[in-house]
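The structure under discussion appears below in the form of structure tokens.
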Ligand SMILES: Cc1ncc(C[n+]2csc(CCOP(=O)(O)OP(=O)(O)O)c2C)c(N)n1
């Protein structure tokens with residue numbers, strides 16, 4: 001094995017060596033890993049072979065998986081995870097399900113007990129294939145050492161092509177220990193997997209014809225445009241026809257938030273202008289959004305007058321939730337390029353655009369300053385300004401997530417990292433770790449809540465260990481805020497289990513310091529500018545605990561089951 | 001409405017599980033599944049009979065099946081000219097006096113008698129679902145001890 005001896009100091013001897021080699025062959029730069037008995041042969045092989053990728057330790061396997069997602073989101077490369085069998089593997093499940101719903105490329109290698117005892121409830125055995133089949137794009141259990149190169153190559157191919165997603169590879173311990181006697185082929189064999197990348201041109205022409213016929217078109221931009229790295233083409237398309245743009249949560253940043261034609265996010269906590277534009281449109285062009293129910297509201301009232309064109313790389317998304325008139329299966333970038341290659345039709349939507357922009361002006365997102373207390377929306381606006389609308393913004397899940405989406409004007413693609421599909425509290429801190437590792441020179445801002453951060457706060461250890469200059473803002477409203485808001489508005493103020501005041505919360509500053517990370521606490525608006533000067537004035541990590549009023553709500557809000565036009569709190573209350 | 005859907009899949013372990021899991025997760029109601037290998041032993045053929053609410057739901061099901069990595073080809077053959085067959089094994093009670101009666105009932109169904117004992121006979125019947133249903137109906141009064149049905153397997157007829 002000549003190639004091998006060039007790459008590594010000793011020849012490939014075991015299944016574990018083959019795994020390490022295959023990772024290197026697939027250009028892995030970072031491995032997020034946590035050891036355990038079933039994967040020790042792989043760790044030992046890395047110790048010996050010294051592969052050129054870095055190995056990042058989180059403090060919980062859920063952290064590994066979310067870190068891999070954060071890394072994947074900002075780099076476009078698959079995040080690679082290695083966890084041990086049984087409890088290690090089950091700890092990755094939330095991250096796998098999260099990556100699946102938000103279509104992030106990820107490879108999760110899990111250790112497994114030896115093939116001889118699989119199925120006997122052996123020590124640290126869990127049925128990883130059974131557990132991950134419904135939440136992964138695909139999964140494998142390696143049955144023979146000679147299959148390793150093929151399976152790993154296939155896994156990378158599946159995870160990164162078509163609609164990206166997580167692929168799980170379960171590795172029994174005796175397979176990683178097995179002797180390698182010859183060179184094994186890494187050639188793919190995937191007769192059933194042929195994703196459509198290039199769109200059908202006659203369907204593309206139909207989109208252009210629909211634009212020619214439309215009077216009130218709107219473009220909905222989704223995460224697919226971010227994933228396909230197609231924001232440049234998207235901008236050109238929008239500017240060519242001057243069509244107003246609304247975004248899904250995952251589409252944040254795919255179109256510059258400060259662009260004149262940006263109407264903001266649509267859906268449950270979307271802007272008035274975005275929801276009304278969809279409601280009044282006669283043509284809705286969806287590029288790379290999956291018509292999630294948080295976006296559409298009650299389907300019976302969604303885009304009632306619009307012809308719908310839907311561009312998606314996953315054919316099963318088209319027509320799944322919303323009836324589609326012009327289906328286009330293909331990669332967002334390829335589809336946008338094809339749209340741009342078509343001859344430009346002469347159209348003007350000036351009157352319609354003016355109407356949308358007037359809505360944007362008349363009913364902007366709003367907040368009120370409460371005495372001297374810190375308005376979270378204002379704080380996020382300040383952070384947006386300080387970072388030139390260019391930081392990588394990572395969020396957890398709750399009200400702070402929606403405020404971040406609403407008030408951070410994200411101008412850059414692939415710089416908004418948030419758990420949209422699964423809505424996973426605890427996503428934020430490890431995802432910020434992964435994002436900072438993927439983009440070491442960027443400013444990474446984490447907006448979290450006092451509830452969410454406590455789900456994975458141990459990853460502060462990784463922040464310190466790898467000297468990651470992550471700026472962590474904990475918006476402490478002493479509640480599980482989003483739940484609290486629902487309880488206030490829908491469950492007549494019955495705040496079951498959602499209040500974290502008094503000594504129910506830890507001292508976050510001390511906690512940060514215990515992990516060796518700088519902590520600051522601010523309670524009034526006048527303390528904020530100096531705090532921001534300090535935090536953004538150097539390359540250290542910070543945990544900033546910001547005390548905010550528990551009563552501050554996310555508005556507008558479409559009550560569940562209602563049409564998106566039935567928004568509450570559009571104008572200041 | 002009832003749809004008959006065939007899938008050509010890779011014959012690897014876990015595929016059936018993957019597909020039935022997909023049906024369950026997406027709340028499609030399976031009436032029957034048959035699976036067997038093809039002359040190419042790396043490939044299996046599955047026939048699903050499913051109840052769906054609408055044409056859109058059937059289309060969604062086919063798209064979801066097609067999306068599976070192990071699935072090579074999916075066809076909704078419901079509206080094509082097809083051959084479809086189901087096999088059932090039926091064990092029915094007989095006594096000395098009812099035996100000739102039972103035999104005369106099953107005769108027009110072109111069945112095979114697989115096993116005979118003092119108190120029962122076991123019959124093999126193949127045909128479309130209504131034929132199998134009819135036979136079971138006719139035998140019920142005598143006392144059916146056990147029935148095992150395979151569900152439908154099907155494919156399009158040869159073209160002229
Ligand atoms: C793992 C997990 N458990 C429960 C929930 C339900 N949930 C959604 S938002 C929320 C409250 C979030 O509180 P916090 O992180 O403090 O953010 P806030 O809403 O106060 O900004 C809860 C409990 C969830 N999304 N994820």
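Residue numbers (UniProt numbering), protein chains in the order written: chain A, 1 to 573; chain B, 1 to 160. C-beta: ideal position from N, C-alpha, C; glycine also. Note that the structure is predicted; figures quoted are calculated from it, not measured.
Got a sec? Which residues, its chain only, sit under 7 Å from residue i by beta carbon, not counting five neighbours each side?
| i | result |
| --- | --- |
| residue 101 of chain A | 421 and 422 |
| residue 262 of chain A | 245, 255 and 256 |
| residue 26 of chain B | 64 |
| residue 149 of chain B | 86, 88 and 132 |
| residue 38 of chain A | 84, 85, 111, 112, 113, 124 and 173 |
| residue 330 of chain A | 196, 197, 198, 199, 311 and 313 |
| residue 317 of chain A | 290 |
Please report the straight-line C-alpha distance between residue i and residue j, rounded to a whole angstrom.
| i | j | result |
| --- | --- | --- |
| residue 527 of chain A | residue 452 of chain A | 24 Å |
| residue 219 of chain A | residue 320 of chain A | 19 Å |
| residue 126 of chain A | residue 150 of chain A | 24 Å |
| residue 180 of chain A | residue 22 of chain A | 14 Å |
| residue 454 of chain A | residue 138 of chain A | 31 Å |
| residue 339 of chain A | residue 356 of chain A | 24 Å |
| residue 5 of chain A | residue 57 of chain B | Bear in mind that a pLDDT of 48 at residue 5 of chain A, under 50, signals an unreliable position, so the model cannot answer this. |
| residue 9 of chain B | residue 89 of chain A | 28 Å |
| residue 313 of chain A | residue 225 of chain A | 11 Å |
| residue 95 of chain B | residue 45 of chain B | 42 Å |
| residue 31 of chain B | residue 190 of chain A | 29 Å |
| residue 350 of chain A | residue 215 of chain A | 9 Å |
| residue 419 of chain A | residue 267 of chain A | 16 Å |
| residue 111 of chain B | residue 121 of chain B | 12 Å |
| residue 456 of chain A | residue 29 of chain B | 39 Å |
With a CB to CB cut of under 6 Å and the five nearest residues on each side skipped, what residues in its chain are close to residue i?
| i | result |
| --- | --- |
| residue 399 of chain A | 481, 482 and 554 |
| residue 2 of chain A | With a pLDDT of 47 at residue 2 of chain A, under the threshold of 50, the modelled position of this residue cannot be trusted, and the question is left open. |
| residue 253 of chain A | 410, 412, 413, 415 and 416 |
| residue 146 of chain B | 91 |
| residue 332 of chain A | 224, 225, 228, 230, 287 and 288 |
| residue 67 of chain A | 32, 58, 430, 433 and 434 |
| residue 573 of chain A | none |
| residue 570 of chain A | 272, 363 and 556 |
Might you give, ordered along the chain, the residues of its own chain that have their beta carbon closer than 8 Å to the beta carbon of residue i, omitting 5 neighbours on each side?
| i | result |
| --- | --- |
| residue 50 of chain A | 8 and 9 |
| residue 522 of chain A | 374, 528, 531, 544, 545, 546 and 547 |
| residue 115 of chain A | 143, 172, 174 and 175 |
| residue 13 of chain A | 179 and 180 |
Compare the C-alpha of residue i against each of the options and name the closest.
| i | options | result |
| --- | --- | --- |
| residue 136 of chain A | A:520, A:160, A:53 and A:369 | A:160 |
| residue 467 of chain A | A:41, A:45 and A:57 | A:57 |
| residue 23 of chain B | B:14, B:108 and B:61 | B:61 |
| residue 51 of chain B | B:147, B:3 and B:7 | B:3 |
| residue 130 of chain A | B:20, B:131, B:6 and B:9 | B:20 |
| residue 286 of chain A | A:387, A:217, A:486 and A:260 | A:217 |
| residue 315 of chain A | A:328, A:307 and A:192 | A:328 |
| residue 250 of chain A | A:294, A:213, A:237 and A:536 | A:294 |
| residue 471 of chain A | A:347, A:248, A:551 and A:520 | A:520 |
| residue 284 of chain A | A:516, A:300 and A:326 | A:326 |
| residue 186 of chain A | A:147, A:503 and A:163 | A:147 |
| residue 103 of chain A | A:77, A:163 and A:513 | A:163 |
| residue 81 of chain A | A:211, A:440 and A:167 | A:167 |
| residue 540 of chain A | A:155, A:352 and A:444 | A:444 |
| residue 502 of chain A | A:477, A:441 and A:209 | A:477 |
Give the DSSP bridge partners of residue i, in chain order.
| i | result |
| --- | --- |
| residue 57 of chain A | A:33 |
| residue 149 of chain B | B:88 |
| residue 120 of chain B | B:93 |
| residue 83 of chain A | A:110 |
| residue 546 of chain A | A:475 and A:522 |
| residue 34 of chain B | B:47 |
Would you mind stating whether residue i and residue j have Cβ atoms separated by less than 8 Å?
| i | j | result |
| --- | --- | --- |
| residue 383 of chain A | residue 171 of chain A | no |
| residue 335 of chain A | residue 311 of chain A | yes |
| residue 561 of chain A | residue 305 of chain A | no |
| residue 427 of chain A | residue 463 of chain A | no |
| residue 176 of chain A | residue 391 of chain A | no |
| residue 69 of chain A | residue 99 of chain A | yes |
| residue 87 of chain A | residue 370 of chain A | no |
| residue 144 of chain B | residue 136 of chain B | yes |
| residue 393 of chain A | residue 241 of chain A | no |
| residue 265 of chain A | residue 458 of chain A | no |
Ligand 2 heavy atoms versus the CB of residue i: any closer than 7 Å?
| i | result |
| --- | --- |
| residue 397 of chain A | Among the ligands in the structure shown, ligand 2 does not appear; only ligand 1 can be found there. |
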